[in-house]
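A.B. asks:
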Amino acid sequence: MGISRLTAEAWKLTASGPRVLLGIAGPPGAGKSTLARALVERIGEQAAYLPLDGFHLANAQLERLGLTDRKGSEPSFDVRGYVALLRRVLDDTAADIYVPDYDRTLHEPVAARHVVPPAARLVVTEGNYLACDLPGWREARELMARCWYVEAPPAVRQVRLVERQLAGGRDAEGARAWVAGNDTPNGELVEISRGRCDRILSTIGMDMSFDMDTVNSWQ
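Once you know that position 57 of the sequence shown is 65 in this note's numbering, the rest is easy, because the numbers rise by one and skip nothing.
(1) Who are the near neighbours of Thr-222 in its chain, counting only those whose CB is closer than 6 Å to its CB and skipping five residues on each side?
(2) Does the region 85-101 touch the region 27-39, meaning 3 or more C-beta pairs lie closer than 8 Å?
(3) Measuring alpha carbon to alpha carbon, tell me which of Gly-62, Arg-72, Ala-163 and Asp-111 ends up nearest Arg-88.
(4) Comparing C-alpha positions only, which one of Gly-34, Ser-24 and Glu-17 sits nearest to Thr-192?
(5) Would you report the Cα separation of Cys-155 and Ser-201, rounded to the nearest angstrom?
(6) For Met-220, count neighbouring C-beta atoms within 10 Å of its own C-beta (all shown protein chains included) and say buried if the count is 16 or more, exposed if not.
(7) Are the Cβ atoms of Glu-116 and Ala-66 separated by less than 8 Å?
(8) DSSP state of Arg-129, grouped into three classes?
(9) Taking only three categories from DSSP, how would you classify Ile-244?
(10) If we count the other Cβ atoms within 10 Å of its Cβ and call it buried at 16 or more, is Pro-162 buried or exposed?
(11) Beta-carbon separation of Leu-60 and Val-124 under 8 Å?
(12) Which full runs of the beta strand (DSSP E) of 3+ residues lie inside the region 185-212, going along the chain?
(13) Indicate whether Ser-84 and Leu-93 have their beta-carbon atoms separated by less than 8 Å.
(14) Going by C-alpha to C-alpha distance, which of Glu-199, Gly-203 and Asp-206 sits closest to Ala-38?
(15) When burial is assigned at 16 or more other CB atoms within 10 Å of the CB, is Leu-14 buried or exposed?
(16) Identify which residue in His-64, Arg-72, Tyr-157 and Gly-213 has its Cα closest to the Cα of Asp-111.
(17) Going by CA-CA distance only, name the one from Val-107, Gly-80, Ala-127 and Asp-104 that's closest to Asn-136.
(18) Between Ala-148 and Val-118, what straight-line distance do the alpha-carbon atoms span, to the nearest angstrom?
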């Protein structure tokens, strides 16, 4: 399935209200952010991007909680803060709403990198744990009109995740160790949530091309 068809299906969700949330869940390295950004790019100013990664706890808090070696695990996110922002996004459609993100150069969350403008009718939010049947995440899932699950073969995710760690400054041995000890168990938890999603898809081989005539036809 191409990105144009997925974009059209995502846009149809806006028929149910003035602003709706589309969640994109899946294990680390599956391609969630790539798909989410592609959808938002194609819809334009009537869509906005809201990444869960902006709710990573700061390194100082991870150290305080003893989670430094488990950064990216389920308890290393501020799920209540995430849910609060999702609710605000749905309730407050009259003003700009600023959205945090994670900076892979600073290795810290950063405030206000993205914005949900009043014109945005579809907000695409993506992250590992969006469909997990766990405290906080259940509340997040209930706020989403739909939640799609993105999957990719383990070998593909392994390569992507090691490359991500190398780009972040780890050496080859450290990158592989981090993926094995952190990303892999995180992915196993996420995979349990697969059945709570409305659609299972893969971005492997997906045609990401589109033309404005197609987009304009359904806006």
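Glycine included, each C-beta is placed from N, C-alpha and C at the ideal position.
Just so it is clear, the structure is predicted and the values come from calculations on it, not from any experiment.
C.D. replies: Reading off the structure:
(1) Here residue 222 is taken as the residue at index 214 of the sequence shown, counted from 1. Confidence at Thr-222 is low in this model, with a pLDDT of 46, below 50, so the placement of that residue should be treated as unreliable; the coordinate-derived value is given next. Correct list, in chain order: Ser-12.
(2) yes
(3) Against the sequence shown, residue 88 aligns to sequence position 80. Here the closest residue by C-alpha is Gly-62.
(4) Here residue 192 refers to the residue found at position 184 when the sequence shown is read from its first residue. Taking each of Gly-34, Ser-24 and Glu-17 in turn and checking the Cα distance to Thr-192, the smallest one comes out for Gly-34.
(5) As a position in the sequence shown, residue 155 is number 147, starting the count at 1. As a position in the sequence shown, residue 201 is number 193, starting the count at 1. Distance between the alpha carbons of Cys-155 and Ser-201: 11 Å.
(6) Stepping through the sequence shown from its first residue, residue 220 is reached at position 212. Because the pLDDT at Met-220 is just 44, under 50, the model does not fix this residue reliably, and the point stays unresolved.
(7) Along the sequence shown, one-based indexing puts residue 116 at 108. Along the sequence shown, one-based indexing puts residue 66 at 58. In contact: Glu-116 and Ala-66 (Cβ atoms closer than 8 Å).
(8) Residue 129 sits at position 121 when you count from the first residue of the sequence shown. Correct three-state label for Arg-129: coil.
(9) Nothing can be reported for residue 244: it is not among the residues displayed for the chain, which extend from 9 to 227.
(10) Numbered from 1 along the sequence shown, position 154 holds the residue referred to as residue 162. Pro-162 comes out exposed.
(11) In the sequence shown, residue 60 corresponds to position 52, counting from 1. In the sequence shown, residue 124 corresponds to position 116, counting from 1. In this structure, Val-124 does not lie closer than 8 Å to Leu-60 by Cβ.
(12) Unbroken beta strand (DSSP E) runs of no fewer than 3 residues, entirely contained in the region 185-212, are found at 207-209, following chain order.
(13) Counting from one through the sequence shown, the residue named residue 84 turns up at place 76. Counting from one through the sequence shown, the residue named residue 93 turns up at place 85. No; because the gap between Cβ atoms is not below 8 Å, this pair is not in contact.
(14) Sequence index remark: in the sequence shown, residue 38 carries index 30 (1-based). Looking at the Cα atoms, Glu-199 is the closest of the given residues.
(15) Within the sequence shown, residue 14 is the residue found at index 6, counting from 1. Per the 10 Å Cβ criterion, buried.
(16) Here residue 111 corresponds to residue number 103 of the sequence shown, with the count starting at 1. Looking at the Cα atoms, His-64 is the closest of the given residues.
(17) As a working note, residue 136 is residue 128 in the sequence shown. Measuring from the Cα of Asn-136, the nearest candidate turns out to be Gly-80.
(18) Counted from its first residue, the sequence shown places residue 148 at position 140. Counted from its first residue, the sequence shown places residue 118 at position 110. Those two C-alpha atoms are separated by around 21 Å.
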